[in-house]
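Participant:
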Amino acid sequence: MKIRLLIALLIASVTITSCNDFLTEKEYDFIGPGLVGDSEDSKEYWLNGVYSTFNSGEYFLYGAFEQMWELDSDDVTGPAWAMSGIGAGVFTEFWGYNVTWTGPYNIIHRANQALLRVAEMGSLSEESKNDALGQLYFLRAFAYFQLVRAYGPCPIHETSVSEGDEPHKPRAAVSEVYAQIIKDLKMAETLMFSMKSQEHKPGRPASGAASLLLAKVYLTMASGAAPAGTEVTVLGGPAFKDENGTRVKIAKPAPITYAKSVVAGYEVFDSQEYFKLAKEKAYEVIQSGDYELFKTWGEIWKIENRNTKEHMFSLQSLSSDSSLGNSLAYNFIGLMDLTTMHRKEGGWFGLRSHWYELFEEQDARILEGVVHRWTGDPELETGQYRYYPEKHKDKVEAEDPTYGYKKEDVYFDFDQNAIARLTKFFCTSDPTQRYGDFPYPWLRYAEAFLIFAEAENELNGPTSDAYAELNKIRRRSNASDAPANMNKTEFRSFVLEERRRELALEGNRRWDLVRWGIYLPVMNDIDIDENNVIKRRESRSLLFPIPVGEIDSNDAILENNPGW
C-alpha cells in the first residue's frame, strides 16, 4: 500500500505533459519536490517515481511501447489489420508511435530530479544512498540505450530542467550518447548492492544488471562497428512461392547469406576493442556467482520464480490494476482460461511459422513454449479446438498425447491463427485480466552466455569456450549441442539464431538485425509473411521518427530522421 501511495504522490506532484514539453514539471500546492523529506521513505518516493514510468501509458499500460519495440522484425506476425502500422514499417500510422521517445525521456527527467534530491539527503546510510543513486544512474543509462538504438543521435540531459538545464537541446552524436551510457553504467556498477546482498530489494536491479547491460552496450557498439561486408547467414526468405500461377506457402525458411552494411554513427568505434570489453563484462557476470540459470526452461516462467536467479531486471506491475498493470499478456497471448484453453480476446501478436521452424522438435522452447491447442469464442458452442502449427496435421490425426490433440481439431489458415503464441506470457497472476502483471524481462542471465559466445567468436573464432557457453543455453532447453566445426561466419550466424530462439519477444530481434547491418535485406526478402503482413522496408525504417511535437517545439532539432 505504501508503494502505491508513493507512486500516486509522485505522479500527482511531478506530472509530465505532452511530447511538446516533456521536460516541464507541474508542481501542485499540496506537495512539491522540496517537501518530500529526508528519510528512507523519501528515498523510495523518488525511486518509485522513476520506476512507475514503466507502468504509464508511455510504456506498458496500454501496450504502445511493446508494439513499437517488438512488432518490427522478421519474426513477429499477427492479423494484417493489427500489423498494418508498425508491422508494415509505417511507424507514424500507429497511434502510440511517440512513446519510444517520450517514455525514455520521462525516465531520464525523473531520474535527474531524483539524483539531485537523493544526493542531498543526510539521514540515509552511505550504503542505502549509494544503492539508490546507482539505480538511478542505471535507469538513466537504460533509457538512453533505448533512445540511441531507436533514434540515433539524441539530446543528452544530465540535470533536471528545474535546476536550470536547457530543455531544448540539439541531438548529440551517437558516440556521445554511448559515452554517457557507459559513464552512467560504470557508476551504477560501483554503487548498487549486489544481487545476494541482504540489503538488495527483490525486483530492483543489482550491480550485476548494470554489468550485463554494459556488456550488451559494448556488444551493440562492436557489431555496429564491424566492417561492411562481414557476412551473416539468416534462416528466412519469402513465405510464398509461385507455382504455375498459384501462390504456395513455403513451409521452411531458407539460409540466406547477407553482407553487412555500415551502421550509421558506429563507424567511429573500434569493433575489436568493444567485442573484447563485451566478452570480459559478460564473463564477469557469469563468474560473479550472483545469478544462475534455471535448470529447465519451464522454471523461468513460473510465477514463484519471479525476480530470482536468472531474472536480472524485469518489469514490475500489479495485476488487475488499470493504473499499474500492463498489456503484455493481453496483446501476446490473450485473455485465457487455462483450464479450458479458451481464449476470449486479445492475443493479437505472436511469431511466424518460419520462427517455429528454427527449433528441433524436442526443444522445450517450442514443445512447452508455444500454445499448440486452444479454442476461441466462435468455436466454444461446438467445442471445436484449433491447433498449431499446420505441419502437426498427422499428430492431430493420431491424437498425439504430447500436445493433447483430438482428431476433430482444426487448423485455420487465416487472420489470428497462423501465429505461434508463447506460453511465457501465462506468467501472470490472473490470465483472465486485461491489465496483467507479466514481468517483461528487460535483462535475463541467459543473455550473458550468448553475449560471451558472440564476442569470443569475433575475437578468436569459434573456440571451445564459445561453444561451451552457447551449449549451456541449448542444453537447458533439451536442444542438441551446436553443430561442431563451424567456421567464424557460421558460428556468428548460429549465435544470432540462438538469440532469436532464446530471447523471443524479449525486445531484441529488431535491434540484432540493425546492429549487424542486415535489417533491410532480411525484411525485404520476406516481402509478405504467412498472414499477409507486409515486411518490405525502406531505409527510413532503420530509425524511428522523432515525434512531430518535439520537432515543432525544439528549435535545436531542425529536422527529423531521414525519410520521416
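Taking mature numbering (1 follows the signal peptide of the UniProt record, and there is no 0), I'd label the letters of the sequence shown as residues -20 to -1, 1 to 544.
All C-beta atoms in this analysis are idealised placements derived from N, C-alpha and C, irrespective of residue type, glycine included.
(1) What is the residue span of the alpha helix (DSSP H) that Tyr25 lies within?
(2) What residues match up with Tyr238 in a beta bridge as DSSP calls it?
(3) If you draw a straight line from the C-alpha of Tyr117 to the C-alpha of Leu338, how long is it?
(4) Expressed to the nearest angstrom, what Euclidean distance is found between the alpha-carbon atoms of Glu436 and Gly132?
(5) Please report how far the alpha carbon of Ile88 lies from the alpha carbon of Lys229, in whole angstroms.
(6) Can you name the residues that DSSP bridges to Ser294?
(7) Quick one: give me the first and last residue of the beta strand (DSSP E) that Arg353 is part of.
(8) Please state the DSSP three-state secondary structure of Gly416.
(9) Of all the options Asp492, Ala400, Glu107, Glu486, which has the alpha carbon lying nearest to the alpha carbon of Leu331?
(10) Hey, could you find the ends of the beta strand (DSSP E) Lys324 is sitting in?
(11) Report the three-state DSSP secondary structure of Phe249 (helix, strand or coil).
(12) Identify which residue in Arg520, Leu493, Asp509 has its Cα closest to the Cα of Glu211.
(13) Cα separation between Leu171 and His352?
(14) Is the beta carbon of Gln33 sitting closer than 7 Å to the one on Asn92?
(15) Grab me the residues of Asn(-1)'s own chain with a C-beta within less than 6 Å of its C-beta, minus the 5 sequence neighbours each way, in chain order.
(16) Report the option in Tyr420, Ala398, Tyr367 whose CA atom is closest to the CA atom of Leu308.
(17) Hey, which unbroken runs of the alpha helix (DSSP H) at 4 residues or more fall wholly within the stretch 54 to 101?
(18) How would you call Pro207, buried or exposed, if buried means at least 16 neighbouring beta carbons within 10 angstroms?
(19) So, is Pro527 buried or exposed, given that buried needs 16 or more other C-beta atoms within 10 angstroms?
(20) For Ala68, which residues of its own chain have a beta-carbon under 6 Å away from its beta-carbon, when the five flanking residues on both sides are left out?
(21) I'd like to know whether the C-beta atoms of Ala189 and Leu423 end up nearer to each other than 7 Å.
(22) With a cut-off of 8 Å on the beta carbons, I'd call Gly497 and Val157 a contact; round off their distance for me.
(23) Tell me where the beta strand (DSSP E) around Val315 begins and ends.
(24) Does the distance from the CB of Leu194 to the CB of Met292 come in under 7 Å?
(25) Between the stretch 47 to 58 and the stretch 477 to 492, do at least 3 Cβ pairs fall closer than 8 Å?
(26) Would residue 548 be called buried (16 or more neighbouring beta carbons within 10 Å of its own) or exposed?
(27) Thinking just about the alpha-carbon of each residue, which of Leu523, Ala536, Ile531, Asn540 is nearest to the one in Ala245?
(28) To the nearest angstrom, report how far apart Tyr263 and Glu438 are at their CA atoms.
(29) So for Phe34, helix, strand or coil by DSSP?
(30) Need the endpoints of the beta strand (DSSP E) that Val228 sits in, please.
(31) Per DSSP, what kind of secondary structure is Leu119 in: helix, strand or coil?
(32) Distance check for Asn86 and Glu5, CA to CA, integer angstroms please.
(33) Leaving out five residues on either side along the sequence, give the residues of the same chain with a beta carbon under 6 Å from the beta carbon of Phe74.
(34) Determine the contact status of His334 and Pro463, defining contact as a CB-CB distance below 7 Å.
(35) By DSSP, does Trp222 sit in helix, in strand, or in coil?
(36) Rounding to the nearest angstrom, what Cα-Cα distance links Asp301 and Asp164 in this structure?
Facilitator: Taking the definition as stated:
(1) 20 to 31
(2) Looking at the DSSP output, Tyr238 bridges to Val212.
(3) 38 Å
(4) 27 Å
(5) Going from the Cα of Ile88 to the Cα of Lys229 covers about 46 Å.
(6) Pro421
(7) 353 to 356
(8) In the three-state DSSP reduction, Gly416 falls in the strand class (E or B).
(9) Ala400
(10) 322 to 325
(11) coil
(12) Nearest C-alpha to Glu211: Leu493.
(13) When only Cα atoms are considered, Leu171 and His352 end up about 46 Å apart.
(14) First, the residue type needs correcting, since residue 33 is Thr and not Gln in the sequence shown. The answer is no: Cβ separation not under 7 Å.
(15) For Asn(-1), the predicted model reports a pLDDT of 34, less than 50, meaning its position is unreliable and no value from the coordinates is stated.
(16) Closest option to Leu308, Cα to Cα, is Tyr420.
(17) 60 to 63, 79 to 100
(18) exposed
(19) Pro527 is classed as buried because its beta carbon has at least 16 other beta carbons within 10 Å across all chains shown.
(20) Ile514
(21) Taking 7 Å as the Cβ cut-off, Ala189 and Leu423 qualify as a contacting pair.
(22) Going by Cβ atoms, the distance from Gly497 to Val157 rounds to 19 Å, so no, they are not a contact pair.
(23) Sequence check: residue 315 is Leu here, not Val. First-last of the beta strand (DSSP E) with Leu315: 315 to 317.
(24) Not in contact: Leu194 and Met292 (Cβ atoms no closer than 7 Å).
(25) yes
(26) Given that the chain is displayed from residue -20 to residue 544, the structure contains no residue 548 and the question cannot be resolved.
(27) The sequence shown places Gly at residue 245, not Ala. When each option's Cα is compared against that of Gly245, the closest is Leu523.
(28) Tyr263 and Glu438 have their C-alpha atoms some 15 Å from each other.
(29) helix
(30) Here the beta strand (DSSP E) through Val228 covers 226 to 229.
(31) Helix at Leu119.
(32) Residue placement at Glu5 cannot be trusted, given a pLDDT of 37 that sits under 50; the coordinates are not used to answer.
(33) Closer than 6 Å at Cβ, skipping near neighbours: Gly65, Ile66.
(34) no
(35) The question names Trp, yet the displayed sequence has Asp at residue 222. In the structure shown, Asp222 sits in a strand (DSSP, three-state: E or B).
(36) 33 Å
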